[in-house]
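Participant: The working numbering numbers the first residue of the sequence shown as 40 and each following residue consecutively. Idealized CB from N, CA, C, for every residue including glycine. Below you'll find the structure I mean.
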Amino acid sequence: ALYLPALFAAAVGVVAVAIKTKSMLWCCVSGIGLYIVLSLV
40 ALYLPALFAA AVGVVAVAIK TKSMLWCCVS GIGLYIVLSL V
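Written as structure tokens, this is what we have:
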């Protein structure tokens, strides 16, 4: 997988989750989860 697009997409996802949930924990969880999923693609 290409790391830069994966990082960018994960960052966008984290921002979206941050706006939706206003929760630091979910930001971390979603960021890690998205990055793992995207890096496997």
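1. Could you check the C-alpha separation between LEU43 and SER62 for me, to the nearest Å?
2. With VAL80 as the anchor, note down where its alpha helix (DSSP H) starts and where it stops.
3. By the three-class DSSP mapping on this structure, what secondary structure does SER69 have?
4. What do you get for SER78, buried or exposed, if any count of 16 or more other CB atoms within 10 angstroms of its CB means buried?
5. Quick one: is LEU64 buried, meaning 16 or more other Cβ sit within 10 Å of its Cβ, or exposed?
Facilitator: Considering the structure as presented:
1. Numbered from its first residue, the sequence shown carries residue 43 at position 4. Numbered from its first residue, the sequence shown carries residue 62 at position 23. Approximately 25 Å, taken between the alpha carbons.
2. Along the sequence shown, one-based indexing puts residue 80 at 41. It is not in any alpha helix (DSSP H) - VAL80 carries neither H nor E in the DSSP assignment.
3. For the purposes of this step, residue 69 is taken as the residue at position 30 of the sequence shown. Three-state DSSP puts SER69 in a helix.
4. As a first step, residue 78 is located in the sequence shown; it is residue number 39 there, counting from the start. Per the 10 Å Cβ criterion, exposed.
5. Within the sequence shown, the letter at position 25 stands for residue 64. That one is exposed.
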